[in-house]
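In the order they appear, the protein sequences are chains H and P.
For the first sequence, our numbering begins at 566 and goes up steadily by one.
For the second sequence, our numbering begins at 566 and goes up steadily by one.
Where a beta carbon is used, it is the ideal one built from N, C-alpha and C, also for glycine.
Quantities reported herein were computed from a predicted structural model and do not represent experimental measurements.
Number of protein chains: 2
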Amino acid sequence: MTPIFIIDRDRVERAIMDLGAIGACAGTGVSRTTFSPEWVAAQELVGQWCRDAGLAVRMDAVGNLWGRAEGSAGGKAIATGSHIDSQTPGGRYDGALGVIAGAIAARAVLEQAGPPKRPIEIVSLCEEEGSRFPSAGFWGSRGIIGTIAPEDPERIVGYDGVTIGEAMRAVGLDPARIPDAARDDLEVFLELHIEQGPMLEQAGTPVGVVTGITGIRELRVVVHGRADHAGARPIDLRQDPMDAAAAMIHAVIGVAKEMGRPAVTTVGRILVEPNFPNIVPERVEFTIDSRNPDPEARRQQYARQDALLREIAEAAGLEMTTEVFGALDPCPCDPEVVRVLEEAARAQNVPVMSMPSGAVHDSQQLAARSRIGMIFVQSKDGRSHTPAEFSAVEHCAQGIEVLAGALYRLAY
Amino acid sequence: MTPIFIIDRDRVERAIMDLGAIGACAGTGVSRTTFSPEWVAAQELVGQWCRDAGLAVRMDAVGNLWGRAEGSAGGKAIATGSHIDSQTPGGRYDGALGVIAGAIAARAVLEQAGPPKRPIEIVSLCEEEGSRFPSAGFWGSRGIIGTIAPEDPERIVGYDGVTIGEAMRAVGLDPARIPDAARDDLEVFLELHIEQGPMLEQAGTPVGVVTGITGIRELRVVVHGRADHAGARPIDLRQDPMDAAAAMIHAVIGVAKEMGRPAVTTVGRILVEPNFPNIVPERVEFTIDSRNPDPEARRQQYARQDALLREIAEAAGLEMTTEVFGALDPCPCDPEVVRVLEEAARAQNVPVMSMPSGAVHDSQQLAARSRIGMIFVQSKDGRSHTPAEFSAVEHCAQGIEVLAGALYRLAY
């Protein structure tokens, strides 16, 4: 008979507090950047949790910490985890909760059900956020799928001016060995993560089973105009990039508003030159972050937005350049893994709802080498990347119970 | 019989080059901030020109340099001039040309027509631009009309951290004596200035006679939203200040486009918090510089813009705050002075056209204490506040001929 796993709420709360204390800042905030002393201390704490759970611990060549229980039948592993690096400052939950969940769920399953048939691994991934090395997001998961280029360690520079290669060497890692981190023996990767949005809270549901991860395109748009005196140049003789950029921004956000959920579009960043009140700008640059988990709807969303950008630039008679600086295709979760998660939730008596992920995650990278599934835990007010990030211990524990049930179903 | 004044083109060119050499930068640029060593040297050069023209020279308590020829019949003075401080960098013409014009025109008139009946004064005003002390624009002309507050010298701080009072003391001026700079004995103030716009060039006319100076309102708008994850917060649950700000910017510029000349509206400055591509902004701040020389049209322009701002904020359900940080009422030029300028142009055989000024000028301040008139000289490509600023010597000399003719008509 399939066992029920009851997760101790106090143990969950203690783990959140203990990990949150490493790099604590701004009250309930955390600032823990990859390869920093705080990150080293956090990986050591995770290693201790793994040993307490009876797992064999190692750090791979890229900086991920793994704990492993061998399976009596061998074969590919059932892995779970997330990342412990944070935004600066971030909160106690984004990423960290998935590592805590892995350690606690693995311990519960091993204690209650004994040695598994298939190997179980938990992993604490590094530099998901790119908060120290802005162009090295998903460093740990990219190491596992083997997409780090040989020149990356010396090419990628952090906000502190240090290359990621130097930072690795400072914590005892050899960048030349990065290819050793690649894995082709992961059967399933499960990631528990806070939702970072308001849907579960609004539905009054503690846990979500993710059906797929959104596709994203990050576009940099530059509108070139002509700087002019704000008074002396008649309105009909201007080449005003601000007027055109404003029309573009309102139009591309309007596409997502009209399409409705799950389409989203965000213009979060604008740079204006010269940015003086009484000079018509020479140049306006802005970013468009546009997401949709449905491949066909996403294609239409980008096509409509691109057409509007072109039409507005042409109508204004202004030169416009665009550049894609980030893109990830939508990533469906494995249907069989989704079914296992839903079955585990039913058996564990945890209310869940199905939902897409509007945020991007390590799972999206790892999908290249394993079947993936994700569990969301309700976020208070949908906040994340801020010290105000919060999830109730009860909801965290319910998410871990679903994870434990799924680990059992997949590995025993 | 009324004399004709022929201005020596070489003298004009030499004066432009000599003054432009003081604070020269970036090729044809000038960076000459008020009370700097360059400013002191420039005032000394202007003083020398005045003495060469037979004028008595003094610096007033606020930093303006005056040259004066007494009038045989006494009475209030006929004054002309502009400013020698520049943007950083600006060009050789904005402001400077009006000071050069005053010195050369006064010399020509005095040499050719002898002592005047009414006093003639030329003035080199200080800190029109506010390029060293951003809240002290029109410092010199405000000193003349007596609107500098007693606390201003110690309250107003420059970009270099120095108060304007300290900067005055460093060049030998006593801030306590500022009230002594006030004048109530100016009958007429004539200002020659580059157009800073394209109208004269497009019309193929060297000189403009200004009918009035535009009214301006500078508004700071802050739209308050809620920072959210660019992926996890559904589009319909956002409080996105960027979307609303973009709609507002396009709408308020649209009002000026629809009203047409002479209405203009410029959004030159935006500040976004936190300004990251993947975070819905918390707050978007922008400026609206909106101008119209017609008092009633201006009132309607602002009312329509204010209504649009309110409507868009309300429709988005966002809090908006607005603050006026600069305003000048439209300022008609004195009709009798305009008539004199037009008559002088006809007599001097200089083609002119009537036009409003879309830029603000010292004349707007001085209108509080004297009748004003302005002469515009054609600007190449309408450029100003840049080293690319240029006016042909021929056009400059033609403008000075009109100024000389007007000085004669008013003072003899």
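Query	Result
Unbroken beta strand (DSSP E) run spanning H:R904, endpoints	No beta strand (DSSP E) holds H:R904; the alpha helix (DSSP H) holding it covers P900 to Q913.
Proximity test, Cβ basis, 8 angstroms: P:Q760 and chain H	Note that residue 760 of chain P corresponds to Glu in the displayed sequence, not to Gln. Yes, because at least one Cβ of chain H sits closer than 8 angstroms to the Cβ of P:E760.
P:V915 and P:V772 closer than 8 angstroms at C-beta	yes
Segment contact, 8 angstroms Cβ cut-off, at least three pairs: the stretch 753 to 761 of chain P with the stretch 932 to 939 of chain P	yes
Buried or exposed by the 16-neighbour rule on C-beta atoms within 10 Å, applied to H:I569	exposed
DSSP beta-bridge partners of H:S689	H:L630 and H:S647
Best match in P:A735, P:G656, P:G708 and P:P763 for proximity to P:G947 [C-alpha to C-alpha]	P:P763
Contact residues within the stretch 827 to 838 of chain P, judged by C-beta distance below 9 angstroms to chain H	P827, A828, V829, T830, T831, V832, G833, R834, I835, L836 and V837
Cutoff 8 angstroms; reference P:A862; Cβ partners in own chain excluding five residues on either side	M824 and A828
Cβ pair P:R579, P:I587 closer than 8 angstroms	no
Listed by chain order, chain P residues near H:H802 by CB distance under 7 angstroms	This sequence places Leu at residue 802 of chain H; His is not what is there. In chain order: P763.
Min CB distance P:R875 to chain H below 8 angstroms	no
Any C-beta of chain H under 8 angstroms from that of P:V845	yes
Three-way DSSP call (helix, strand, coil) for P:E879 in this model	helix
Reduced DSSP category for P:R579 - H, G, I as helix; E, B as strand; rest coil	helix
Bounding residues of the alpha helix (DSSP H) (the contiguous stretch that carries P:A971)	V958 to A976
Secondary structure of H:A589, DSSP reduced to three states	strand
DSSP beta-bridge partners of P:P897	P:G777
Burial state of P:T886 (16 or more Cβ within 10 Å)	exposed
From P:Q943, P:A868 and P:R974, residue whose alpha carbon lies closest to that of P:Q767	P:Q943
8 angstroms Cβ cut-off: residues of chain B touching P:I649	Judged by its chain identifiers, the structure shown contains no chain B, and its protein chains are H and P.
Beta-carbon spacing of P:V786, H:R834 below 8 angstroms	no
Cutoff 8 angstroms: H:E693 Cβ touching any chain P Cβ	no
8 angstroms contact criterion, which P:L968 and P:A666 should meet: CB distance rounded	5 angstroms
Partners in chain H for P:P799, counting only beta-carbon separations shorter than 8 angstroms	G762, P763, M764, R826, P827, V829 and G923
Closest Cα partner of H:R803 within the set P:P684, P:H648, P:V788 and P:T831	P:T831
Under 8 angstroms by beta carbon: chain H residues contacting P:N857	None at all; the shortest Cβ gap to chain H is about 10 angstroms.
Cα-Cα separation between H:I818 and P:E693, rounded to whole angstroms	42 angstroms
Where the beta strand (DSSP E) through P:H926 begins and ends	Here P:H926 belongs to no beta strand (DSSP E), and DSSP marks it neither H nor E.
Contiguous beta strand (DSSP E) assignments of at least 3 residues, all confined to the stretch 791 to 856 of chain H	829 to 831 and 835 to 838
Members of the stretch 780 to 791 of chain P near chain H, C-beta cut-off 8 angstroms	I781 and E783
Alpha helix (DSSP H) segment containing H:V674, residue limits	A661 to A678
contact_flag[the stretch 876 to 884 of chain H, the stretch 773 to 785 of chain H] where n(CB pairs < 8 angstroms) is 3 or more	no
Outcome for H:P602 when other beta-carbon atoms lying within 10 angstroms are tallied against a minimum of 16	exposed
P:A741 to H:P952 span [Cα, whole Å]	52 angstroms
Inter-stretch contact at 8 angstroms, needing at least 3 Cβ pairs: the stretch 890 to 904 of chain P / the stretch 611 to 630 of chain P	no
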